[in-house]
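In my numbering, the protein residues as written are 28 to 140. Ideal Cβ positions, reconstructed from N, Cα and C, are used throughout, including at glycine. Reviewing the structure listed below.
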Amino acid sequence: MRKTDKTTDNQLRVLLTDVCEIALKEIEGFQWLTHTVNYDNFPKSLKVICVFDTKANVQTFMQSSKGQALNTLIQSKLEGLNIRFKNIDKHVSYDSEEACDEEHGGSWASRQG
Numbered sequence: 028m029r030k031t032d033k034t035t036d037n038q039l040r041v042l043l044t045d046v047c048e049i050a051l052k053e054i055e056g057f058q059w060l061t062h063t064v065n066y067d068n069f070p071k072s073l074k075v076i077c078v079f080d081t082k083a084n085v086q087t088f089m090q091s092s093k094g095q096a097l098n099t100l101i102q103s104k105l106e107g108l109n110i111r112f113k114n115i116d117k118h119v120s121y122d123s124e125e126a127c128d129e130e131h132g133g134s135w136a137s138r139q140g
């Protein structure tokens, strides 16, 4: 990883931590979030994964207005780093610990790969 990539990754972690702290307070079932990125194709390759405790809580969240609000929050934080997307929805996904346990034995590394 190049030095500039490491700097960008650290900045991403800070802003996504802010998003996470807000979501933990405001969204039922939200647990944590993570991101993946290939810096050779940045920012197009950036993906943010928001993780809930159960599949039911993901579904409830997706059917509420909070789903778009969280995407808007992520987008506004990214814009603070001059990262802009025409459609943030393509860069944010939702998952659950329950689904990971069922499908990958709780291994997020396997689930991401």
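With respect to residue 123, residue 81 sits close: the two C-beta atoms are nearer than 8 Å. With respect to residue 56, residue 98 sits apart: the two C-beta atoms are not nearer than 8 Å. Taken through DSSP and simplified to helix, strand or coil, residue 64 comes out as coil. Under DSSP, residue 122 forms a beta bridge with 78.
In the same chain as residue 32, and ignoring 5 residues on each side of it, the C-beta atoms closer than 6 Å to its own belong to 66, in chain order. Residue environment analysis places residue 39 among the buried positions, since at least 16 neighbouring C-beta atoms fall within 10 angstroms of its C-beta. Taking C-alpha positions only, residue 74 is separated from residue 118 by approximately 5 Å.
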